[in-house]
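Protein chains in written order, with this note's numbering: chain A, 1 to 327; chain B, 328 to 654.
There are 2 protein chains.
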Amino acid sequence: MAIVTAEEIFATYDQLGEIEAQFDDVETEIIRHQYNLSKDLYVKRAEVVSKIEHFWPLVIEQAPEDIDAFIQPTDAQILLGSIKSIDVKRFEIDTPVEGGDPRSVSIKFEFEENDYFEDKVLEKKFWWRHGKDGFVGYVSEPVDIKWKDGKDLTNGLLSLAKAAWEEEKAAPKKEGKEKKELTPKQKELKEKIEAEDAGSVSFFCFFGFIGERVSAEENIEALKKEAEDRKKRQAGEKVEEDEEMKEDEDDEDWEDEEELDIFPDGDTVAMAIADDLWPNALKYFQQAQESDDISDGEDDESDDDESEEDGDKPSKKHKACAHGCKH
Amino acid sequence: MAIVTAEEIFATYDQLGEIEAQFDDVETEIIRHQYNLSKDLYVKRAEVVSKIEHFWPLVIEQAPEDIDAFIQPTDAQILLGSIKSIDVKRFEIDTPVEGGDPRSVSIKFEFEENDYFEDKVLEKKFWWRHGKDGFVGYVSEPVDIKWKDGKDLTNGLLSLAKAAWEEEKAAPKKEGKEKKELTPKQKELKEKIEAEDAGSVSFFCFFGFIGERVSAEENIEALKKEAEDRKKRQAGEKVEEDEEMKEDEDDEDWEDEEELDIFPDGDTVAMAIADDLWPNALKYFQQAQESDDISDGEDDESDDDESEEDGDKPSKKHKACAHGCKH
Chain A
1 MAIVTAEEIF
11 ATYDQLGEIE
21 AQFDDVETEI
31 IRHQYNLSKD
41 LYVKRAEVVS
51 KIEHFWPLVI
61 EQAPEDIDAF
71 IQPTDAQILL
81 GSIKSIDVKR
91 FEIDTPVEGG
101 DPRSVSIKFE
111 FEENDYFEDK
121 VLEKKFWWRH
131 GKDGFVGYVS
141 EPVDIKWKDG
151 KDLTNGLLSL
161 AKAAWEEEKA
171 APKKEGKEKK
181 ELTPKQKELK
191 EKIEAEDAGS
201 VSFFCFFGFI
211 GERVSAEENI
221 EALKKEAEDR
231 KKRQAGEKVE
241 EDEEMKEDED
251 DEDWEDEEEL
261 DIFPDGDTVA
271 MAIADDLWPN
281 ALKYFQQAQE
291 SDDISDGEDD
301 ESDDDESEED
311 GDKPSKKHKA
321 CAHGCKH
Chain B
328 MAIVTAEEIF
338 ATYDQLGEIE
348 AQFDDVETEI
358 IRHQYNLSKD
368 LYVKRAEVVS
378 KIEHFWPLVI
388 EQAPEDIDAF
398 IQPTDAQILL
408 GSIKSIDVKR
418 FEIDTPVEGG
428 DPRSVSIKFE
438 FEENDYFEDK
448 VLEKKFWWRH
458 GKDGFVGYVS
468 EPVDIKWKDG
478 KDLTNGLLSL
488 AKAAWEEEKA
498 APKKEGKEKK
508 ELTPKQKELK
518 EKIEAEDAGS
528 VSFFCFFGFI
538 GERVSAEENI
548 EALKKEAEDR
558 KKRQAGEKVE
568 EDEEMKEDED
578 DEDWEDEEEL
588 DIFPDGDTVA
598 MAIADDLWPN
608 ALKYFQQAQE
618 SDDISDGEDD
628 ESDDDESEED
638 GDKPSKKHKA
648 CAHGCKH
């Protein structure tokens, strides 16, 4: 059964690659189908929950660990005190573009008047892109916040990230080694990031996440190349391995990019919001109410892992499960 | 905007219930659709990976925390040394039955000849059921293992769980307080469980998981009642609240059931296998290879959280993501 020759190994890996590509096609189709089937339901949900006081603050209180870990006490004050609604859209399903992907997601937060910033709405887009170096994932652009005087929770990081990004975009394209030279704002940003305590950065730095630099154009090119390679593989032809080398070379460049990111986990948080907090909001809301009931204290027996579960997981027995159970 | 009267509160909660039910319908349809679209692909994958030595052991090595936490060192020896394949089927999509659900899942492990047990195949089914007390989730039946002499890793727990289950099924149905009287085997099992160190129980106790007692008949009845209630709610009628009371009453009964379960987290592990390890096996395999590359030691710089990520999460940048990214 086991593979013997190098030829066979390569053939097997090519087959795995093709199977992966086909799974990806199915997933793409499923995301699109699910979005279209549930779109109106989310609108209806928004209508109903707008009548419930503190709905979204209660949901955020129960946020899974991937989100909760990034919320500092002062952030919590704003998020729990003045968040009005969260909305998630798959904007490249709503408005298809060349190279667009149903995974691309926009997250919109609506706020009440508050002491910290002027914005009533903060919206951040995450594009699902393929890079020429083999990267596949979310990339974004910094979104600035109009902080009130002396209230900037990011301590200037967010505005600087935005300014460095604008400078980077305006600068002429560089190739090879030069690519690694930082612009003045980037240098300033890098120093400022290094000076901060990574563990205590505000959740609002989330709006500064950029991720890997993959433009819409590069994405289209990479998708074309992948499609060509796939055809070749299906036809049993050899695919040149030069992109693998490119990947290694770019890896160093990528490290610079991460160093310049004020919230390197932005993609993880975006996924946790779009694929968990948002679709399961009713479940988290119910969980919040149940944990209120528990703290009312009618029940103090054997269930001593209750508090542990509250924090980051849907309750094990699914009584409160909003729709199915993929967690 | 906010709700004022008790009437309005009830109406809003009824609306939320209806929205939840509709989300559930969408999810059910999506699971079915995805299963049918990917069925043949999984067959093809099984064919190809059967040619790769140690494919499944390498995948298990990278298992997410929800599974890995339950694998003891001796278990690992068997799982890594003699597992041949894992197969997951949604058997109530393949063979529809009244009250069946696309979430119902069977997990089949195939083993090489090994020193511990005679079985070449161990298969466990998880039925997705609705209880009359409002429970929704997985229930199962114990599957015994033919241990070789002196090799029983569960220390007799699994066989006893199976025997107690048979006795329970054969015993006449009891109502009310009598329900809580244990059969002789159940008493023996309860004592044996209490005597064991919960943290060091073998992974193979997974095959003993039962969960809440919800028969196929109860499930059908509960689904009918839910459908009726839903129609009433849609028509704006009041739904009697008697089932809530029932839920409280049954809660105590439920605790007994958990006390009698040799692997209370069986449903969580089943979900982690069916919804993560199994669909993402190619990704975990690739991750295993990458972590081999890393331990070869070409890369010892800034990525010091690498080892942490290896353990329980798909790599952040999705380079190895098999199909999409819902984690």
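Glycine included, each C-beta is placed from N, C-alpha and C at the ideal position.
Given the structure is predicted, the values throughout are model-derived calculations rather than measurements.
- Taking the CA atoms as reference points, N607 (chain B) sits about 15 Å from I434 (chain B).
- Against chain A, a Cβ distance below 8 Å from T339 (chain B) picks out V48, K51 and I52.
- Short of 7 Å from the beta carbon of A216 (chain A), and not among the five residues preceding or following it, lie these beta carbons of its own chain, in chain order: G99.
- In the three-state scheme derived from DSSP, where H, G and I count as helix and E and B as strand, D87 (chain A) is classed as strand.
- A direct Cα-to-Cα measurement between N546 (chain B) and Q561 (chain B) gives close to 22 Å.
- For F55 (chain A), there is no enclosing beta strand (DSSP E); the enclosing alpha helix (DSSP H) has its first and last residue at F55 to E61.
- With the criterion set as a beta carbon lying under 8 Å from some beta carbon of chain A, the members of the segment 344 to 368 of chain B are I346, E347, Q349, F350, D351, V353, E354, T355, E356, I357, I358, H360, Q361, L364, S365 and L368, in sequence order.
- Contact annotation for R372 (chain B) against chain A: I19 [CB-CB distance below 7 Å, chain order].
- Proximity of P606 (chain B) to chain A, defined by a Cβ-Cβ separation below 9 Å, is satisfied.
- For V470 (chain B), the closest of B:G477, B:K447, B:S486 and B:P400 by C-alpha to C-alpha distance is B:S486.
- Excluding five sequence positions before and after V376 (chain B), the CB atoms of its chain that fall closer than 6 Å to its own CB belong to F382, given in chain order.
- At a Cβ-Cβ threshold of 9 Å, T268 (chain A) and D66 (chain A) count as neighbours.
- CA-CA distance, R103 (chain A) to I472 (chain B), rounds to 43 Å.
- Per DSSP, the unbroken beta strand (DSSP E) holding E437 (chain B) starts and ends at V432 to F438.
- In the DSSP assignment, K125 (chain A) falls within the beta strand (DSSP E) that extends over V121 to H130.
- For L282 (chain A), the chain B residues whose Cβ falls inside 8 Å of its Cβ are L343, I346, E347 and F350, in order along the chain.
- At least one C-beta of chain B is nearer than 9 Å to the C-beta of E8 (chain A).
- Under the Cβ criterion (8 Å, minimum of three pairs), the segment 71 to 87 of chain A does not count as touching the segment 23 to 33 of chain A.
- Within 10 angstroms of the beta-carbon of Q513 (chain B) lie 16 or more other beta-carbons, which makes it buried.
- Beta-bridge partners of V139 (chain A) (DSSP): A:W127.
- Ranked by how close their Cα comes to the Cα of E118 (chain A), the residues A:K151, A:I273 and A:K51 have A:K151 in first place.
- Counting C-beta atoms within 10 angstroms of its own C-beta, P184 (chain A) has fewer than 16 neighbours from the protein chains shown and is therefore classed as exposed.
- Distance from G458 (chain B) to E539 (chain B) at the Cβ level is roughly 6 Å; contact confirmed, criterion being Cβ atoms closer than 8 Å.
- Collapsing the DSSP output to three states places W147 (chain A) in a strand.
- In chain order, S431 and V466 place their CB closer than 6 Å to the CB of W454 (chain B), counting only its own chain and leaving out the 5 sequence neighbours on each side.
- In this structure, A:K89 is the residue among A:F10, A:K89 and A:Q34 with its C-alpha nearest to the C-alpha of A46 (chain A).
- Across the structure, E92 (chain A) and I520 (chain B) are spaced so that their CA atoms are roughly 53 Å apart.
- In the DSSP assignment, F444 (chain B) forms a beta bridge with B:W474.
- A straight-line Cα-Cα distance of about 25 Å links D414 (chain B) and F10 (chain A).
- For Q613 (chain B), the closest alpha carbon among the candidates B:Q389, B:E495 and B:D476 is that of B:Q389.
- Residue nearest to E515 (chain B) within the set B:E586, B:L343 and B:V463 is B:E586 (criterion: CA-CA distance).
- Taking the Cα positions, K378 (chain B) is about 24 Å away from D602 (chain B).
- For W492 (chain B), the closest C-alpha among the options B:T401, B:I537 and B:R557 is that of B:I537.
- Looking at the backbone, the Cα of D68 (chain A) and that of G236 (chain A) are separated by about 48 Å.
- Residue environment for S618 (chain B): buried (at least 16 other C-beta atoms within 10 angstroms of its C-beta).
- In chain order, H457 place their CB closer than 7 Å to the CB of E553 (chain B), counting only its own chain and leaving out the 5 sequence neighbours on each side.
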